[in-house]
Each structure stands twice: as structure tokens, then as C-alpha cells.
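Notes follow once the structure below has been shown.
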Amino acid sequence: MSAPATRSAAVPGRTLAVLGALGALSVVAFVLAPAPVAARTAGGGFGDEAAVRAAFRAAFTGYWNSGSRDLPPDTAHLVEFWSHYHLVKALAAVAALIAFAATAVLVWQALARTGRHRAALRTAGVLATALAAVAAVLTLANVQGALAPLASLLPMLVDEPADQALAGTLAQVRSALADAATAPPALAVMVEDFARYHRVLAVLAGGVAVALIGASIESGRRFAAGRHRPVTGTVAVSATAAALVATVVAVANTTNAADPAAGLAALFTGGW
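Counting from 1 along the sequence shown, just add 283 to a position and that's the residue number in my numbering.
Structure (C-alpha cells):
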């Protein structure tokens, strides 16, 4: 009776099964739910990202030439849809992050407590940690898109060859970015949303960096105390490396937010 109890305490199979199911459902929702849910909440939508790209590229020239800061109704609806689309993706990514992070914690704890199946547990821990990291990145990117949807759409203007009308408009955008005196009102809106886009990621990445530094310090303290050194040492090193990456991302986005016009110019000239 004691051996099964030890294994159960070391590896909570039922809990891991529930977390695995939550992670799988979250991945499915991340892929399949955004377009139909956003279409419902935004009062109409688009079949997929290709349809969004085509609609935005078709509508952008009209907005640029409108002489107004206000988005025309078709463009405003598209931007609202895109915000909702990213919000749904962000929620699904958060659910996946919770599932994979909790799985990683349980597996690493089990590895520290038991001498059985160490290779399998180590592999599972690395996989769950990697999936949690991917889910975290997707969460940040989609929160960013939800809060600054217009800026999130702008790369679609330049990621494929433009037709004659759009090519002419993009040339005007580049000219206006080089000489603000010629800029129409639409450019100010684009620059403002582009700054917001980078501020959001700067704040989020900064918060992640602080959390990772805290995890690194705590794991380092446990390592120094001689507690489960193989696990705590791995966590401390991994958290430190991830914190450095998050810090670099935060600094880079802070720089872009401080001078959004330069970043936007780089986007439209292919240097982004």
C-alpha cells in the first residue's frame, strides 16, 4: 500500500490529466475560437487573418485620404474586430499558460521528491516549461494586439506586394513620416497607437522580468540551502536567462515608445 501512495504523492496523475486536458482545450480555442467569437462580439467579422489583411489593405487608402483622425465606419469595425480577436486569443493563451505552468511546477516538484522515473519526469518538466514559455509569449503578444489593434494591423500593409493604389498611399506615408509638415491627421493616430503598442509590451515585459527575477532569487536561495539542488539550480539559471530576455524586450519597446515615429518609419521602409 505504501508504494502506490508514494507514487501518487510524487506524481498527481489525476491533476496532471486535468491540466493536460485544459492545456489541449486552450490550444484548440486559441486556434479556432478567435474569429467566430470576435465576429459575434464585434457585430460581424472576417473568416480568417487573410480576409482581415485584404480588408485592411483595401480600406487604408480611404482612411489616409479622409482628412480626419476618426476612422471611417468600415475601418473602425475592422479595428474593433481585430481587438476582440486578439482578446480571445489572449484569454486562451492565459488558460494554456496556467495549465502548462501548473503542470511544470507539479512535475519539477515530483522530480525533487522521488527517485523513480527521473528521466521521464525531467523530459516532461522541460516540455511543460517550454509550452508555458510559448503560452506566455503568446499572451503578451495578444494583449498587445488587443490594446493597440490599429498598430497591430499596420504590418499587414507592407508584408505583401501592394497594388497600385496602396503603393501610392504607402509612398505618401513614408513621405509624411520624413516630413511631419505634410502629414495628414491619420498619421498622428497611427503614431499614437504605435506608441501605445510598444508601451503595452514594455510594461508587460517589465512585469515578467520582475517576476522571473523573484523566481530566480528564491530558487537560488533554495539551491544555496542545499534543497533539491538539481531542480532548484536549473530553475534559477533558466529564470535568470528568461529575465534577461524579458528585460531586453522591455528596454527595446520603451525605446520605441519614446520615439514612435522613427519606429513607424522603420516599419514602412522595411527596417522594422
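By construction, the Cβ of each residue, glycine as well, lies at the ideal position given by its N, Cα and C atoms.
Apart from the five residues just before and just after GLY303, which ones in its own chain have a Cβ nearer than 6 Å to its Cβ?
-> Cβ neighbours of GLY303 beyond the five flanking positions: none.
Tell me which same chain residues have a C-beta within less than 8 Å of the C-beta of ALA431, skipping the five on either side of it?
-> Only ASP476, PHE477, ARG479, TYR480, VAL483 meet the Cβ criterion.
Evaluate the contact criterion for the region 378 to 387 versus the region 410 to 424: three or more CB pairs, one atom per stretch, below 8 Å.
-> Segments in contact, yes.
Own chain residues within Cβ distance below 7 Å of ALA448, not counting five before or after = So the qualifying residues of the chain are THR344.
Residue closest to ALA459, alpha-carbon to alpha-carbon, out of ALA529, ASN536, ASN348, ALA376 | When each option's Cα is compared against that of ALA459, the closest is ASN348.
Put SER502 into one of helix, strand or coil per three-state DSSP.
-> For SER502, the secondary structure class from DSSP, reduced to helix, strand or coil, is helix.
Just the C-alpha distance for ALA548 and ALA524, rounded to the nearest angstrom, thanks.
-> Answer to the nearest angstrom: the Cα atoms are 32 Å apart.
7 Å Cβ shell around VAL371 - same chain, five flanking residues per side excluded | Cβ neighbours of VAL371 within its own chain (closer than 7 Å, five residues either side excluded): ALA316, PRO317, VAL320, ALA321.
Within 8 Å, strictly: CB atoms of THR422 and ALA485 = Not in contact: THR422 and ALA485 (Cβ atoms no closer than 8 Å).
When you compare only the Cα positions, how much space is there between VAL528 and PRO543?
-> Cα to Cα, VAL528 sits roughly 22 Å from PRO543.
Reduced DSSP secondary structure (H/G/I, E/B, other) of LEU410 | Under the three-state reduction of DSSP output, LEU410 falls in the helix class.
Element boundaries [alpha helix (DSSP H), containing ASN539] | Unbroken alpha helix (DSSP H) run through ASN539: 512 to 541.
Rounded to whole angstroms, what's the CA-CA distance from ARG340 to ALA418? Just pull it up for me.
-> Rounded to whole angstroms, ARG340 and ALA418 show a C-alpha spacing of 29 Å.
C-alpha distance - PRO295 paired with ALA393, whole-angstrom precision = Take the alpha-carbon of PRO295 and the one of ALA393: they are about 9 Å apart.
Going by alpha carbons, who is nearest to THR406 out of VAL493, VAL514, PHE551?
-> Taking only the C-alpha atoms, the option nearest THR406 is VAL514.
Quick one: what's got a C-beta closer than 6 Å to ALA375's C-beta in the same chain, skipping five residues either side?
-> Taken in chain order, the residues that qualify are SER309, ALA312, PHE313.
Scan the region 391 to 440 and note each continuous alpha helix (DSSP H) run of 4 residues or more that stays entirely inside, going in chain order.
-> Taking 4 residues as the shortest admissible run, the region 391 to 440 contains the following complete alpha helix (DSSP H) segments, listed from N- to C-terminal end: 401 to 430, 432 to 436.
Exposure label - GLY546; buried when at least 16 CB within 10 Å | Buried.
Would you please state the rounded distance, in angstroms, between the beta carbons of ALA342 and ASP357? I believe it to be under 8 Å.
-> Indeed, because the Cβ distance is near 5 Å, the residues count as touching under 8 Å.
Based on Cα-Cα distance, which residue from ILE496, LEU380, VAL362 lies nearest to SER435?
-> Of ILE496, LEU380, VAL362, the residue nearest in Cα terms is VAL362.
Residue of ALA300, LEU299, ALA540 minimising C-alpha distance to GLN427 | Cα-wise, what sits closest to GLN427 is ALA540.
Could you tell me whether the Cβ atoms of HIS369 and ALA325 are closer together than 8 Å?
-> Contact flag unset, no.
Around the Cβ of LEU474, are there at least 16 other Cβ atoms within 10 angstroms (buried) or fewer (exposed)?
-> Reading off the sequence shown, one finds Val at residue 474, where the question assumed Leu. The residue in question, VAL474, is buried, as its Cβ has 16 or more Cβ neighbours within 10 Å.
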